[in-house]
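Quick notes on the structure that follows.
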Ligand code: NAD
Ligand code: 13P
């Protein structure tokens, strides 16, 4: 409108605090005195793209890609602010700005002349920005609100209760000393904010088959460089060091990108770094993924006490539990207890080699802390690996733990040469006992968790394709052939260093059942345990009701009747 200088003087007075905002707005409108056509002409002549400070669009895009909500709160006018919001991808319901009042032509029904502005908008007054933020907070449960702005009215956002939590002053367009003095952080280039946005570093603790399949997916996700890039590309993987064909396993992994001992068919990705020292592996990690066989987890956690980065979050992929004199402890509970950090779990029908082959698989993340679960979902989710969130972490972990006992029973059925009907009977009874036992120990466990991929899904996959099934099947065949072999022996021969979880878990669970006098209520668990410990022959796998009632003689004890 040719009045830029006069308007600028008024704007500056309002922004450095020497003139009230209401007065500045009023005087500016009088000077501008525009029509709706003037506004249209202005927007056409000066489209938003031509008026953006460098880096602001990228900053907003990357914040939104990280799930942050962006609002535009302006003491300017809606008519001029909305096109800017549209260009920046900010939804119009997230825009707070002043409204112009128009004189309307009764004949045409069209606005003709500016007659003032709507005083009812919070942004029409000083203290309007904290008020707008208070409204936003009423409608949304945000933990933290950050205000970025360059004027005194922006700074007010943090000077009033209920407003923003932090103020970042901007000197990108104009530096106002009164604002710069008070800002929590002051920047002259939005790219500085973009550069310093946190990127999470991920560490994997474990390097067996599942740990390798999981780290391969994580590395595929952290490698992506887009606006949402929230993760450091390199993923450090702690490897329990051992020799492989005369070389250190970590060296082989770091030169070939393959773990030839535990996951030989698959390239883990160039950004997976094998680290032999566990403390070095996790020292800088914000997100720690635990995936070691459960019998090693207590020792692993003990080595990490006091060595974790403050604020780090964890997830456990380990299936198993620990039994102490005071009672059972799930692995996620152990991590939480020993390391003092939040720990979600990821459980599902996840046979490692099938995931390496990128065959469709499902998992749930059981969580207490939704923010952590959503972050972990981003590092695991792949087109072939569907991850959903489940607010029952204990139920999910109990499923992953207990299905390994049922898989031993299923393996025995296969070893006995029986068909699908018998195996289905074992799987069905197994699911019933998994649910009953989980709920008896932890009453908050939800029924529907057992219908998820971590429940029935994992149970079916493991009973058909898992290692527990395989070893139990061969163990049963050896028994029937009159050439009995031990589980340890078969584990070493068939799994070549990979570990069975079912035998240990069966003994751990049985200890709880005995302590609580529950053996009779869990006939399949009890019978499987008696078979693997040599008290009953394998044929009882399909006669588990009798197996659990049978008189057994434990060495060095009186006959015991259940
Ligand atoms: P794995 O059984 O393939 O390998 C055993 C791992 O234990 C190796 O990395 C080995 O280096 C390590 N190890 C050996 N001795 C050790 C010690 N003293 N201390 C620490 N580590 C030692 O491992 P995995 O398949 O990654 O299994 C980890 C967990 O994931 C288990 O609880 C398992 O039930 C679960 N899981 C496995 C699969 C699968 O398909 N393999 C799928 C889902 C869940
Ligand atoms: P196994 O350890 O029996 O192979 O089970 C793997 C598994 O947990 C699949 O989800």
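In the numbering used here, the protein residues as written are 696 to 1257.
The beta-carbon is built from N, C-alpha and C at its ideal position, and this holds for glycine as well.
Fair warning: this is a prediction, and the values are worked out from it, not measured in the lab.
Within the region 1116-1189, the alpha helix (DSSP H) runs of at least 4 residues that lie entirely inside it are, in chain order, 1153-1160 and 1162-1175. For residue 1194, the CB falls within less than 6 Å of some heavy atom of ligand 1. Here the distance from the Cβ of residue 983 to the nearest heavy atom of ligand 1 is not below 6 Å. Taking C-alpha positions only, residue 1157 is separated from residue 1163 by approximately 7 Å. Apart from sequence neighbours up to five positions away, the residues of its chain that approach residue 1100 with a beta-carbon distance below 7 Å are 1197, 1200, 1201, 1204, 1220 and 1223, ordered along the chain.
Taking the CA atoms as reference points, residue 1145 sits about 11 Å from residue 1134. Taking 8 Å as the upper bound for CB-CB distance, residue 934 and residue 948 are in contact here, some 7 Å apart. Taking the C-beta atoms as reference points, residue 1084 is found nearer than 7 Å to residue 1068. Setting aside the 5 residues that flank it on each side, residue 1047 is surrounded in the same chain by 904, 905 and 908, each with a C-beta closer than 6 Å to its C-beta; the list follows chain order. Scanning 824, 829 and 974 for the CA closest to the CA of residue 898 turns up 974. The Cβ atoms of residue 1095 and residue 1042 sit closer than 7 Å to each other. The C-beta separation of residue 809 from residue 716 comes to about 18 Å, leaving the pair out of contact by the 8 Å criterion. Closest by C-alpha distance to residue 861, out of 881, 869, 1115 and 873, is 881. Assignment of residue 871 by DSSP, reduced to helix, strand and coil, places it in the coil class.
Check the Cα spacing between residue 1149 and each of 1136, 1129 and 1165: the tightest is with 1129. Under the three-state reduction of DSSP output, residue 1098 falls in the helix class.
When DSSP states are grouped into helix, strand and coil, residue 1027 belongs to the helix group. In the three-state reduction of the DSSP assignment, residue 974 falls in the helix class. Residue state for residue 1200 is assigned as helix, using DSSP reduced to three classes. Just measuring C-alpha positions, the residue of 1037, 1078 and 1064 sitting nearest residue 1054 is 1078.
In the DSSP assignment, residue 798 is bridged to 808. In summary, residue 741 is exposed, with fewer than 16 beta-carbon neighbours lying within 10 Å of its beta-carbon over all protein chains present. Exposure of residue 940 is indicated by the presence of fewer than 16 other C-beta atoms within 10 angstroms of its C-beta.
Here the distance from the Cβ of residue 952 to the nearest heavy atom of ligand 1 is not below 6 Å. Contact between residue 995 and residue 1011 does not hold, since their C-beta atoms are separated by about 11 Å, which reaches or exceeds 8 Å.
For residue 710, the enclosing alpha helix (DSSP H) covers residues 699-710. Residue 997 counts as exposed, since fewer than 16 other beta carbons sit within 10 angstroms of its beta carbon. Here DSSP, grouped into helix, strand and coil, assigns residue 936 to coil. Inter-segment contact for the region 823-836 and the region 864-879 is absent: fewer than three beta-carbon pairs are separated by less than 8 Å. Residue 1056: not part of any alpha helix (DSSP H); member of the beta strand (DSSP E) spanning 1056-1061, first to last residue.
By the Cβ test, the region 912-923 is in contact with the region 755-774, since at least three Cβ pairs between them sit closer than 8 Å.
The C-alpha of residue 1040 lies about 21 Å from the C-alpha of residue 1193.
Contact annotation: residue 1009 and residue 1050 have beta-carbon atoms that are not nearer than 7 Å. Checking the DSSP bridge columns, you'll see residue 793 partnered with 772. When DSSP states are grouped into helix, strand and coil, residue 1237 belongs to the helix group. For residue 843, the secondary structure class from DSSP, reduced to helix, strand or coil, is strand.
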